[in-house]
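> Position in the sequence shown (from 1) plus 1 gives the number in the working numbering. The C-beta atom is built at its ideal place from N, Cα and C for all residues, glycine as well. None of these values were measured; they are calculated from a predicted model.
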Amino acid sequence: MPGKQPSDSKSARPVRKRKKIDLEQKMKIVKKYEGGQSLSSIARELDLATSTVKSILNDSARIKEHMKGSALLKSTVITKQRSGAIYEMEKLLTMWMEDQIQKRVPLSLMIIQAKAKSIFEDVKGKYSDPNAKFVASHGWFNRFKQRANFHNVKVSSEIASADTKAAEKYPEVLRKLIEEYGYTAQQIFNVDETGLFWKKMPDRANISKEEKMMPGFKASKDRLTLLLGGNAAGDCKLKPLLVYHSENPCAFKGISKATLPVHFRSNQKAWITMALFKDWFINLFIPEVQKFCRENNIPFKIMLIVDNAPGHPANLDDFHPNVKVVFLPPNTTSLLQPMDKGVIANFKAYYLRRTFAQAVEATGRETGKTLRDFWKSYNIYQAIINIAKAWAEVTQVCLNAVWKKACPQFVRSFKGFEKDETYEEVADEIVKLAEQLELEVDVGDVDELIESHGAELSNEDLMELEAAKVKEQTEAEDEVEEVEEPRHFNTKEMALAFREIDSAMARFEKMDPNSSRFLKVNRGIDETLACYRQMYEEKKKATIQSSLYKFVRKVERSATSTSPQPSTSKTPSDDSDDIMPFSSFTN
Numbered sequence: 002m003p004g005k006q007p008s009d010s011k012s013a014r015p016v017r018k019r020k021k022i023d024l025e026q027k028m029k030i031v032k033k034y035e036g037g038q039s040l041s042s043i044a045r046e047l048d049l050a051t052s053t054v055k056s057i058l059n060d061s062a063r064i065k066e067h068m069k070g071s072a073l074l075k076s077t078v079i080t081k082q083r084s085g086a087i088y089e090m091e092k093l094l095t096m097w098m099e100d101q102i103q104k105r106v107p108l109s110l111m112i113i114q115a116k117a118k119s120i121f122e123d124v125k126g127k128y129s130d131p132n133a134k135f136v137a138s139h140g141w142f143n144r145f146k147q148r149a150n151f152h153n154v155k156v157s158s159e160i161a162s163a164d165t166k167a168a169e170k171y172p173e174v175l176r177k178l179i180e181e182y183g184y185t186a187q188q189i190f191n192v193d194e195t196g197l198f199w200k201k202m203p204d205r206a207n208i209s210k211e212e213k214m215m216p217g218f219k220a221s222k223d224r225l226t227l228l229l230g231g232n233a234a235g236d237c238k239l240k241p242l243l244v245y246h247s248e249n250p251c252a253f254k255g256i257s258k259a260t261l262p263v264h265f266r267s268n269q270k271a272w273i274t275m276a277l278f279k280d281w282f283i284n285l286f287i288p289e290v291q292k293f294c295r296e297n298n299i300p301f302k303i304m305l306i307v308d309n310a311p312g313h314p315a316n317l318d319d320f321h322p323n324v325k326v327v328f329l330p331p332n333t334t335s336l337l338q339p340m341d342k343g344v345i346a347n348f349k350a351y352y353l354r355r356t357f358a359q360a361v362e363a364t365g366r367e368t369g370k371t372l373r374d375f376w377k378s379y380n381i382y383q384a385i386i387n388i389a390k391a392w393a394e395v396t397q398v399c400l401n402a403v404w405k406k407a408c409p410q411f412v413r414s415f416k417g418f419e420k421d422e423t424y425e426e427v428a429d430e431i432v433k434l435a436e437q438l439e440l441e442v443d444v445g446d447v448d449e450l451i452e453s454h455g456a457e458l459s460n461e462d463l464m465e466l467e468a469a470k471v472k473e474q475t476e477a478e479d480e481v482e483e484v485e486e487p488r489h490f491n492t493k494e495m496a497l498a499f500r501e502i503d504s505a506m507a508r509f510e511k512m513d514p515n516s517s518r519f520l521k522v523n524r525g526i527d528e529t530l531a532c533y534r535q536m537y538e539e540k541k542k543a544t545i546q547s548s549l550y551k552f553v554r555k556v557e558r559s560a561t562s563t564s565p566q567p568s569t570s571k572t573p574s575d576d577s578d579d580i581m582p583f584s585s586f587t588n
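1. Contact check, Val-444 vs Ala-468 under 8 Å by CB: the rounded distance?
2. Tell me whether Ala-72 sits in a helix, a strand or coil according to DSSP, three-state version.
3. Out of Lys-21, Ser-61 and Ser-52, which has the shortest C-alpha to C-alpha gap to Lys-33?
4. By a C-beta neighbour count over all protein chains shown, 10 Å radius and 16 as the cutoff for buried, is Tyr-184 buried or exposed?
5. Can you give the Cα-Cα distance for Ala-310 and Met-506, rounded to whole angstroms?
6. Which residue comes first and which comes last in the alpha helix (DSSP H) that contains Ser-459?
7. Write down the C-beta distance between Asp-193 and Leu-229 rounded to the nearest angstrom, noting that I regard them as a contact closer than 8 Å.
8. For Glu-449, name the three-state secondary structure that DSSP assigns.
9. Determine the DSSP secondary structure at Phe-320, reduced to helix, strand or coil.
10. Using the Cα positions of Ile-30 and Lys-240, report the straight-line distance between them to the nearest angstrom.
11. According to DSSP, Leu-277 sits in a beta bridge with which residue or residues?
12. What does a CB cutoff of less than 8 Å around Ile-87 pick up in its chain, not counting 5 residues either side in sequence?
13. Write down the C-beta distance between Leu-305 and Lys-406 rounded to the nearest angstrom, noting that I regard them as a contact closer than 8 Å.
14. Spatial neighbours of Asp-319 within its chain, please: C-beta separation below 6 Å, excluding the five flanking residues on both sides.
15. Which same chain residues, not among the five before or five after Val-324, have their C-beta less than 7 Å away from its C-beta?
16. Closer than 8 Å by C-beta to Thr-590: which residues in its own chain qualify, once you throw out the five before and the five after it? Chain order, please.
17. I'd like the ranges of any alpha helix (DSSP H) spanning at least 4 consecutive residues and lying wholly in the segment 24-61.
18. In the DSSP assignment, the beta strand (DSSP E) including Ile-189 goes from what residue to what residue?
19. If we call anything under 7 Å between Cβ atoms a contact, is Lys-258 one with Phe-265?
20. On the DSSP letters alone, give me the boundaries of the beta strand (DSSP E) that Asn-232 sits inside.
21. Quick one: what does DSSP say Met-202 is sitting in, helix, strand or coil?
22. State yes or no: is the C-beta of Cys-237 within less than 7 Å of the C-beta of Phe-293?
23. Across which residues does DSSP place Arg-266 in a beta bridge pair?
24. For Leu-372, name the three-state secondary structure that DSSP assigns.
25. By how many angstroms is the C-alpha of Pro-322 removed from the C-alpha of Tyr-536?
26. Quick one: is the Cβ of Ala-117 within less than 6 Å of any heavy atom of the ligand FMN?
27. For the segment 550-563 against the segment 495-515, do three or more pairs of beta-carbon atoms, one drawn from each stretch, fall closer than 8 Å, so that the two count as touching?
28. Decide if Asp-341 is buried, meaning its Cβ has at least 16 other Cβ atoms within 10 Å, or exposed.
29. List the endpoints of the continuous beta strand (DSSP E) containing Val-1.
30. Quick one: Cα of Ala-186 to Cα of Phe-348, how far?
31. Between the beta-carbon of Ile-299 and the beta-carbon of Ala-233, is there less than 7 Å?
32. Helix or strand or just coil, what does DSSP make of Lys-541?
33. Please name the residue or residues paired with Val-326 in a DSSP beta bridge.
34. Can you list, in chain order, the residues of its chain with a C-beta nearer than 7 Å to that of Lys-27? Leave out the 5 residues immediately preceding and following it.
35. Distance, Cα to Cα, Asp-223 vs Leu-94?
36. Taking its Cβ as the centre, do 16 or more other Cβ atoms sit within 10 Å of Glu-338, making it buried, or is it exposed?
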């Protein structure tokens, strides 16, 4: 029936989704307005209704008052102020959980409860009732998850371990995917985050012992996060992304951050957040690999392999048609991640060796400087220079060899190349440099120091970091990143869009008396939409594979959970050959 189509017109209108606005974002809005930004400009930037922004600004006095004591925990309403040992414990526990999540350490309820009790025992002495008890019940944990905004954090009932079976099967799945799309070793990349305590000395060094005795924040606990990566051929090392807690360190005075040998970014916790990773992927990674392909006459067709860390957006595959993003299976990072197989450990050893060599040179006989003088003057800018030089020392042989588990077909022997320096040889050199500095250090101390960069934060570390953070909050404006639902493609909406386009073209065809003109326009539109159609077909295929995989897993679990019953009739659970392995679905 001709005429208006209410359903179509309704779907055509943009619908603003209802958003929960936490106190941190409200404070951000207040600060933007006080900084001179107009009400309508703030509303457009944050995709909010102007009336919503106006209501928040009218309530700015109460928001400011409440934020004084609740900067850590997120909520959407102003509630009664909480305080005491349990409140402080929850702040520190939140920091610890966020750190574990950043390090992709699986969390279990038992581990979280034990950590909560441990922190409570360490902080309760500061309050009026030192004999207070805290049981870390299931009810407390559920309420804590709500207060700390951990709704989407996966917490298992048991301690998770590496999935060796998935790790064994995955290289074959990956090989078939690589062959299907025709990637070469030069076109396949991997990146991984790692923490670095850039001013940390071995525990047995006198400087470390003295620092532990001093009150306040320890310089050795000053941490930054790096994103390091390269390709499977080993001939493309990506420029490191470095995230630090200070946007403008004093050591950068007179230095343009754009000229640094790393991509410098900052946030309060020195972590690579989802927003930072997406920014790196779109604005740094894609242009860099595109340039590499152009300079080496390689087709710009890239595969990026990453783990399924919370900071890696699930929709990365949607941003560029020439860059395919593949996620490693859950709980296989320690077994498969190429950068974790020697690149990061070697880089940290090179960094430590370079720092010790500088200390030896600075404390020579003619300078009159002591090691303590050198360490006190060693700043974040110097650390960044050493990071860049240490990264340059990581060889092509090393970058290629670490793919042995994930992509063994790409690992080469490099005959004729100079022998690659081993981690053990670098550690021995560090020990010799330490002797020149009159430090009691052996290879075990070096190993311990390098491993400590990824170690779990102790209760003391958490309290010191919280104290440092509170101090920074009083000195500088909070840097709070907005958490928004990212744009992404889905097959249902894409199919609807294609149907609407086809319908529109059919109408033009009916009206146009010149068939040649219509065919030319139609061909142009098809070519323009080809990237979207390819993406749609890949997503549709992935959806089918995922559904099949879930069905197979369900059947497998059903088969293993029920006792075998004698039967003459054959069922899917009677013969394991009837259940296809997941790798079969990638064909």
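So, from the listed chains and residues:
1. 34 Å between Cβ atoms; not a contact.
2. Any reading at Ala-72 is ruled out, since the residue's pLDDT is 42, under 50, leaving its predicted position unreliable.
3. Ser-61
4. buried
5. 43 Å
6. Neither: Ser-459 is in no alpha helix (DSSP H) and is coded neither H nor E.
7. 6 Å
8. In the three-state reduction of the DSSP assignment, Glu-449 falls in the helix class.
9. In the structure shown, Phe-320 sits in coil (DSSP, three-state: anything other than H, G, I, E or B).
10. 34 Å
11. Bridge partners of Leu-277: none, in fact.
12. Phe-121 and Phe-135
13. At roughly 17 Å, the Cβ-Cβ gap does not stay under 8 Å, so Leu-305 and Lys-406 are not in contact.
14. His-489 and Phe-490
15. For Val-324, where only same-chain residues beyond five positions count, the Cβ hits under 7 Å are Ile-287, Ile-303 and Leu-305.
16. Absent from the model: residue 590. The displayed extent of the chain is 2 to 588, so no value can be given.
17. 24-35, 40-47 and 51-59
18. 189-198
19. Cβ distance < 7 Å, so Lys-258 and Phe-265 count as in contact.
20. 224-232
21. coil
22. Cβ atoms of Cys-237 and Phe-293: closer than 7 Å.
23. In DSSP, Arg-266 forms a bridge with Val-244.
24. helix
25. Per the sequence presented here, residue 536 reads as Met, with Tyr not at that position. In this structure, the straight-line span from the alpha carbon of Met-536 to that of Pro-322 is close to 8 Å.
26. The ligand FMN is not part of the structure shown, which contains no ligands of any sort.
27. no
28. buried
29. Residue 1 cannot be examined here, being either before or after the span of the chain that is shown, 2 to 588.
30. 22 Å
31. No; because the gap between Cβ atoms is not below 7 Å, this pair is not in contact.
32. helix
33. Leu-305
34. Ile-57 and Ile-64
35. 19 Å
36. Contrary to the premise, residue 338 reads as Gln rather than Glu in this sequence. Buried.
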